[in-house]
Amino acid sequence: MGHIEGVGLQFNPTIVDDLGWERFSDCPIDFAEVLIDTFVAPLDCRFLFDPHARPVLDALAERYPLLAHSNYGGEFGFEPLEETAAFRRHAPFVDAVASPFVADHLFYGSPSSSHIWSSPLQFSRAEITRVAERAAALQDRMGVPLLHEDAFFYAPFAGSDVPAAEFVGGVAEKAGTFLLLDLHNVYANSVNHADFSAAAYLDTIPLDRVVEIHLAGGQWLDGWYHDFHNAPVPEPVWAMLGDVLPKARNVRAVVLEVQGPAHHPLSRPSDPSWVPMACDDLRRAQAMWAERPGPAAW
Amino acid sequence: MTVPLDAAGCHALWREVIADEELCDALLSGDAASVVADRCSDPAERSILETWAANPAALRWNIVNLRFRGSQDTMFKLRRWMPLTSALLTEGRPGWLLDLCFEYLAHHRWDELGHRHFAECRRFADYVTGRVSQRRRLPDHLETVLTYETAVCALLERSASVPLEAWGPEHAADSPIHDLRPRPGPVSQLIELDEDITEWIVNGRPEGAVLDRPLRLLSFVPRLGDTYWVTPLDSGPELVFRRCAGRDTCGEIADRLAAEVGARAHDILDVLQTWAREGALVLE
Numbered sequence: 000m001g002h003i004e005g006v007g008l009q010f011n012p013t014i015v016d017d018l019g020w021e022r023f024s025d026c027p028i029d030f031a032e033v034l035i036d037t038f039v040a041p042l043d044c045r046f047l048f049d050p051h052a053r054p055v056l057d058a059l060a061e062r063y064p065l066l067a068h069s070n071y072g073g074e075f076g077f078e079p080l081e082e083t084a085a086f087r088r089h090a091p092f093v094d095a096v097a098s099p100f101v102a103d104h105l106f107y108g109s110p111s112s113s114h115i116w117s118s119p120l121q122f123s124r125a126e127i128t129r130v131a132e133r134a135a136a137l138q139d140r141m142g143v144p145l146l147h148e149d150a151f152f153y154a155p156f157a158g159s160d161v162p163a164a165e166f167v168g169g170v171a172e173k174a175g176t177f178l179l180l181d182l183h184n185v186y187a188n189s190v191n192h193a194d195f196s197a198a199a200y201l202d203t204i205p206l207d208r209v210v211e212i213h214l215a216g217g218q219w220l221d222g223w224y225h226d227f228h229n230a231p232v233p234e235p236v237w238a239m240l241g242d243v244l245p246k247a248r249n250v251r252a253v254v255l256e257v258q259g260p261a262h263h264p265l266s267r268p269s270d271p272s273w274v275p276m277a278c279d280d281l282r283r284a285q286a287m288w289a290e291r292p293g294p295a296a297w
Numbered sequence: 000m001t002v003p004l005d006a007a008g009c010h011a012l013w014r015e016v017i018a019d020e021e022l023c024d025a026l027l028s029g030d031a032a033s034v035v036a037d038r039c040s041d042p043a044e045r046s047i048l049e050t051w052a053a054n055p056a057a058l059r060w061n062i063v064n065l066r067f068r069g070s071q072d073t074m075f076k077l078r079r080w081m082p083l084t085s086a087l088l089t090e091g092r093p094g095w096l097l098d099l100c101f102e103y104l105a106h107h108r109w110d111e112l113g114h115r116h117f118a119e120c121r122r123f124a125d126y127v128t129g130r131v132s133q134r135r136r137l138p139d140h141l142e143t144v145l146t147y148e149t150a151v152c153a154l155l156e157r158s159a160s161v162p163l164e165a166w167g168p169e170h171a172a173d174s175p176i177h178d179l180r181p182r183p184g185p186v187s188q189l190i191e192l193d194e195d196i197t198e199w200i201v202n203g204r205p206e207g208a209v210l211d212r213p214l215r216l217l218s219f220v221p222r223l224g225d226t227y228w229v230t231p232l233d234s235g236p237e238l239v240f241r242r243c244a245g246r247d248t249c250g251e252i253a254d255r256l257a258a259e260v261g262a263r264a265h266d267i268l269d270v271l272q273t274w275a276r277e278g279a280l281v282l283e
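Sequences listed follow chains W and Z, in order.
Under numbering that gives the first Met the number 0, the residue at position 286 of the first sequence is numbered 285, and the numbers go up by one with no gaps.
Under numbering that gives the first Met the number 0, the residue at position 166 of the second sequence is numbered 165, and the numbers go up by one with no gaps.
Below, the structure written as structure tokens:
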């Protein structure tokens, strides 16, 4: 099993293909978070790895410890869990790269991957029970701690009747799983929704279950603040990190996300200035990581 | 009293909103009452639709983003598995390809096929031949390129249902093959093209000469490997490959072909040995 501890960068297609991952070699990075879907083969063939992407994965593995991140697993939809990409591709990938834990997202999966980010889970007690059952089974299949990342959403899904924090914490506690706390998602939701308090969110979720933290920046567009990952980490997010790090004693990883237009055509496109932008944020995260109290024993 | 929809019901209804542009537009317009009444007799479903209609800004972001993501994901799939078709159709312009993917997904009610990349490529090829071809003259050589790329996709798609045991025991490079019976590997096929697009295949884009002569390719998935091979097959090796049907031994094939075409039996055995080592043939 690989060892992950410290501050990392998410090596998504913007970093790998658009900007070129080698350009980040001077940034203070302890590990690379890799998006599983970038490297696994389609479900309708027998491969595990996509042969086109394998050389990049091997090159990253030579340079950094790898942390796997699951985006399009589809595990919380209504198809049999055994048929999902999370089960058939993501779990063997986690094993193959020896990722010590893996995070997923609290969205409805369906055979159409692109629906995921527009389909947040319904925050309801019945869904806590259903989702927790699938999460527990998936964690068994993964063979490592499974973390759930809190969602950025434009509106809670229809039928939601419990607060987001109660839902997220409820799933993790019922399933015996863990959390990836995306502080930018928390911030963006608090900016966009009058009834969403970032402070209340952080007070409610079980911080002892937080193993990973995501940082990112976003963009204002048409009166909404979007989680586009295309700007420096905003000050309120740094403030939240400063507040959370001393309390969340099981955190092993802080990861910066930087990404070009992945969700909307008007999302600010990447350019070479993003390399120093990311390095600055990584240095600041490293400084805060160095000042945190020692981690709890795992 | 209205019984609320459970999460599965809400999700099914949400997928219907995604798929049905008329319904979606009505919800976004703020004037959805008549369309909702027409589509839905169930009060619980109506109530959920009214919830979405009451927040059109959030609904718009969800839908606009979803359509952009779906188009972009489809574009990435096509660039990866059908690079020649994609480039030829759109003169290598990413914006044009994105627009084409948008039209294609709208035609399929935004039912993007996610992790089933090869099924997506096959469906896109059908869209090109069935619909794009109706409104514009398709570029020269596109038929050849489509034949090649859909054949490779079909080969890889076929691999999904083949058990690992089908490849048989691994064949040591230096073990004798004379008395073993060769047959094509479980995932292999000959691809026959009317034009020689070798340079395009090697370059990964439509650059280089297209020769006016047939091209035969052997494509196969070797055992246990996360890869696939496509290799040109001249008429001699093609003749050898076609004799590998699991009936005759390597020695018999080599001796007969040597007698028929004047080749050296030793050379034919070398070819069979190489294919067995690469996994194009299974020896039994």
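Cβ coordinates follow ideal geometry from the N, Cα and C atoms, glycine included.
Let me know the secondary structure DSSP gives TYR147/Z once reduced to three states.
Of the three classes helix, strand and coil, the one that applies to TYR147/Z here is helix, per DSSP.
Counting pairs of beta carbons, one from the stretch 119-132 of chain W and one from the stretch 156-175 of chain W, are three or more of them closer than 8 Å?
Yes: at least three Cβ pairs fall under 8 Å.
Is there a Cβ of chain Z sitting closer than 8 Å to that of TRP116/W, yes or no?
TRP116/W counts as touching chain Z.
Give the secondary structure of GLY7/W by DSSP, where H, G and I count as helix, E and B as strand, and everything else as coil.
Reduced to three states, the DSSP call for GLY7/W is strand.
CA-to-CA distance, VAL209/W to ASN249/W, given in whole angstroms
Take the alpha-carbon of ASN249/W and the one of VAL209/W: they are about 6 Å apart.
Identify the contact partners of TRP223/W in chain Z, using a Cβ-Cβ distance below 9 Å as the criterion.
Here the neighbours are ALA56, ALA57 and TRP60.
Just verifying my parser: in three-state terms, what is the DSSP assignment at SER218/Z?
Here SER218/Z sits in strand by DSSP.
Endpoints, alpha helix (DSSP H) assigned at PHE166/W:
Per DSSP, PHE166/W belongs to the alpha helix (DSSP H) from 163-174.
ASP280/W classed as buried or exposed, judged by whether at least 16 other C-beta atoms fall within 10 angstroms:
Buried, because 16 or more other Cβ atoms sit within 10 Å of the Cβ of ASP280/W.
Are there three or more Cβ pairs, one per stretch, closer than 8 Å when the stretch 230-248 of chain Z is compared with the stretch 146-153 of chain Z?
Short answer: they don't touch.
If you draw a straight line from the alpha carbon of ILE196/Z to that of LEU141/Z, how long is it in whole angstroms?
Across the structure, ILE196/Z and LEU141/Z are spaced so that their CA atoms are roughly 11 Å apart.
I need the boundaries of the alpha helix (DSSP H) containing SER189/W, first residue and last residue.
First-last of the alpha helix (DSSP H) with SER189/W: 182-191.
Measure from the C-beta of VAL16/Z to each C-beta in chain W and report whether the shortest distance is under 8 Å.
No, VAL16/Z does not count as interfacial toward chain W.
With burial defined as no fewer than 16 other Cβ atoms inside 10 Å of the residue's Cβ, what is the status of MET239/W: buried or exposed?
By the Cβ-count criterion, MET239/W is buried, with 16 or more other Cβ atoms from all chains shown falling within 10 Å of its own Cβ.
Give the secondary structure of GLU211/W by DSSP, where H, G and I count as helix, E and B as strand, and everything else as coil.
DSSP places GLU211/W in strand when its eight states are reduced to three.
Would you mind telling me which residues of chain Z sit closer than 7 Å to GLN121/W, beta carbon to beta carbon, in chain order?
Here the neighbours are ALA6 and CYS9.
Give the residues from the stretch 18-29 of chain W that approach chain Z closer than 7 Å (Cβ to any Cβ), ordered along the chain.
If the cut-off is 7 Å between Cβ atoms, the stretch 18-29 of chain W has nothing near chain Z.
GLY69/Z touches chain W at which residues, Cβ-Cβ below 9 Å?
Simply SER111, SER112, SER113 and HIS114.
Measure from the C-beta of PHE10/W to each C-beta in chain Z and report whether the shortest distance is under 8 Å.
Under the Cβ criterion of 8 Å, PHE10/W is not counted among the residues facing chain Z.
Rounded Cβ spacing between LEU178/W and VAL167/W (contact assumed at less than 8 Å)
Going by Cβ atoms, the distance from LEU178/W to VAL167/W rounds to 7 Å, so yes, they are a contact pair.
Selected residue, minimal CA-CA separation from SER70/Z, among GLY94/Z, PRO181/Z and ALA25/Z:
SER70/Z has its Cα closest to that of GLY94/Z, out of GLY94/Z, PRO181/Z and ALA25/Z.
Rounded to whole angstroms, how far is the Cβ of ALA84/W from the Cβ of GLY73/W, which I believe are closer than 8 Å?
About 6 Å separates the beta carbon of ALA84/W from that of GLY73/W, a gap short enough to meet the 8 Å contact definition.
Taking 8 Å as the limit between beta carbons, can you name the residues of its chain near CYS278/W, skipping five residues before and five after?
These residues qualify, in order along the chain: PHE23, ASP25, CYS26 and PRO27.
Taking just the CA atoms, how far does ALA52/Z sit from ALA7/Z?
Rounded to whole angstroms, the separation of the alpha carbons of ALA52/Z and ALA7/Z is 20 Å.
Does any C-beta atom of chain W lie closer than 8 Å to the C-beta of TYR227/Z?
Yes, TYR227/Z counts as interfacial toward chain W.
Indicate whether at least one CB of chain Z lies closer than 8 Å to the CB of PHE195/W.
Closer than 8 Å: no.
Please report the straight-line C-alpha distance between ASP94/W and ALA279/Z, rounded to a whole angstrom.
Those two C-alpha atoms are separated by around 29 Å.
Pair within 8 Å by beta-carbon distance, LEU34/W and HIS68/W:
Against a cut-off of 8 Å, the Cβ pair of HIS68/W and LEU34/W comes out as a contact.
Can you confirm whether GLU148/Z, when its beta carbon is compared against all beta carbons of chain W, has any partner nearer than 8 Å?
So, not an interface residue.
Using the three-state DSSP reduction, which class does ARG182/Z fall into: helix, strand or coil?
DSSP, reduced to helix, strand and coil, places ARG182/Z within a strand of the structure shown.
Taking only the alpha-carbon atoms, compute the straight-line gap between TRP60/Z and ALA40/W and give it to the nearest angstrom.
Spanning the two alpha carbons is a distance of roughly 30 Å.
For ILE190/Z, list the residues DSSP reports as bridge partners.
According to DSSP, which records beta bridges pairwise, ILE190/Z is partnered with LEU216/Z.
Got a sec: is the Cβ-Cβ distance from TRP199/Z to anything in chain W below 8 Å?
No, because no Cβ of chain W sits closer than 8 Å to the Cβ of TRP199/Z.
How should LEU216/Z be labelled, buried or exposed, when 16 other C-beta atoms within 10 angstroms of its C-beta is the threshold for buried?
Looking at its Cβ environment, which holds 16 or more other Cβ atoms inside 10 Å, LEU216/Z is buried.
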